[in-house]
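Report on the following structure.
Residue numbers (this note's numbering): 2 to 131.
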């Protein structure tokens, strides 16, 4: 039996997905990424400069390292918002993978399951790896 994980045709040796937010600076973030041995990095697409993703503060210091990027729709309150954010991420060329996050309560950040399902159905039908 293999410990590898296959998602959307991509084989991963690590099942650990690491978020890129909440680090005090890029150096600490980079050290955490190295120590984790994660192959998939997730980040809020709203925090990335989509016009120049290679120059973005979140992504630029990862140059030369091989990762699968998993943008998320953090901040979306409806399926429509999440779909728009996902389409922007895909159009920017960052990734066709998307982590759907829809939360109507800023305080609790509890997910909205109905809106999440709506967005997931649309995005999966459009070819996203959700």
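Note that the Cβ used here is the ideal one computed from N, Cα and C, for glycine as well.
Candidates 29, 27, 104 and 87, of which the one nearest residue 96 by Cα: By 1-based counting over the chain shown, the position of residue 96 is 95. The residue from 29, 27, 104 and 87 with its alpha-carbon nearest to that of residue 96 is 87.
Mind reading off the beta-carbon distance from residue 13 to residue 41? Whole number of angstroms is fine, and I expect it under 8 Å. Here residue 13 is taken as the residue at index 12 of the chain shown, counted from 1. Here residue 41 is taken as the residue at index 40 of the chain shown, counted from 1. Approximately 7 Å separates the beta-carbon atoms of residue 13 and residue 41; this is inside 8 Å, confirming the contact.
Beta carbon proximity, residue 107 to chain D, threshold 9 Å: The chain labelled as chain D is not found in the depicted structure, where only one protein chain is given.
Assign residue 140 to buried or exposed, taking buried as 16 or more other Cβ atoms, counted over all protein chains shown, within 10 Å of its Cβ. This structure cannot settle anything about residue 140, because the visible part of the chain is limited to 2 through 131.
Taking 7 Å as the limit between beta carbons, can you name the residues of its chain near residue 10, skipping five residues before and five after? Position 9 of the chain shown, counted from the first residue, corresponds to residue 10. Once the five neighbours on either side are set aside, residue 10 has no close Cβ partner at all.
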